[in-house]
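Participant: Structure incoming, see below.
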Amino acid sequence: MNGYKRFITALKREVPDKVPIWELIVDKPIVDSFGLKSYADLAEYIDLDGVTCGENFNLEKIGPNTFKDE
0 MNGYKRFITA LKREVPDKVP IWELIVDKPI VDSFGLKSYA DLAEYIDLDG
50 VTCGENFNLE KIGPNTFKDE
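0 is the number of the first residue of the sequence shown in numbering that gives the first Met the number 0; add one for each residue after it.
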């Protein structure tokens, strides 16, 4: 079973061959520590079943200790 089928099977509440693995956020120093250039390279290298796209969000400071995100 490949990563796509693994995720779809789990989302359908069926039983995949193993639990799908993915990381929500991977900081650049982690990618660098593997000697790789990008998150996509790391995902391929460590054989993640899924990847996160667009985890960036706008953070707006609305007070001295208060922030608003999307």
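The beta carbon of each residue, even a glycine, is placed where N, CA and C say it ideally should be.
Since the model is a prediction, treat every value here as computed from it, not as a measurement.
So Lys4 is in the alpha helix (DSSP H); what residue range does that whole segment cover?
Facilitator: Here residue 4 refers to the residue found at position 5 when the sequence shown is read from its first residue. 2-10 is the extent of the alpha helix (DSSP H) around Lys4.
Participant: Cβ of Arg5 within 8 Å of Cβ of Asp48?
Facilitator: Residue mapping note: residue 5 aligns to position 6 of the sequence shown, counting from 1. Residue mapping note: residue 48 aligns to position 49 of the sequence shown, counting from 1. Contact: yes.
Participant: Decide if Leu41 is buried, meaning its Cβ has at least 16 other Cβ atoms within 10 Å, or exposed.
Facilitator: For the purposes of this step, residue 41 is taken as residue 42 along the sequence shown, with counting starting at 1. The residue in question, Leu41, is buried, as its Cβ has 16 or more Cβ neighbours within 10 Å.
Participant: Taking Gly2 as the reference, which of Ile20, Val14, Arg12, Lys36 has the closest Cα?
Facilitator: One-based indexing of the sequence shown puts residue 2 at position 3. Among Ile20, Val14, Arg12, Lys36, the Cα nearest to that of Gly2 is on Ile20.
Participant: Look at the alpha carbon of Tyr38 and the alpha carbon of Arg12, and state the distance between them as a whole number of angstroms.
Facilitator: Reading the sequence shown from its first residue, position 39 is the one you call residue 38. Reading the sequence shown from its first residue, position 13 is the one you call residue 12. Those two C-alpha atoms are separated by around 28 Å.
Participant: Going by the DSSP bridge assignment, what does Glu59 pair with across the sheet?
Facilitator: Locating residue 59 in the sequence shown gives position 60, counting from the first residue. DSSP, once it has assigned bridges, lists Lys67 as partnering Glu59.
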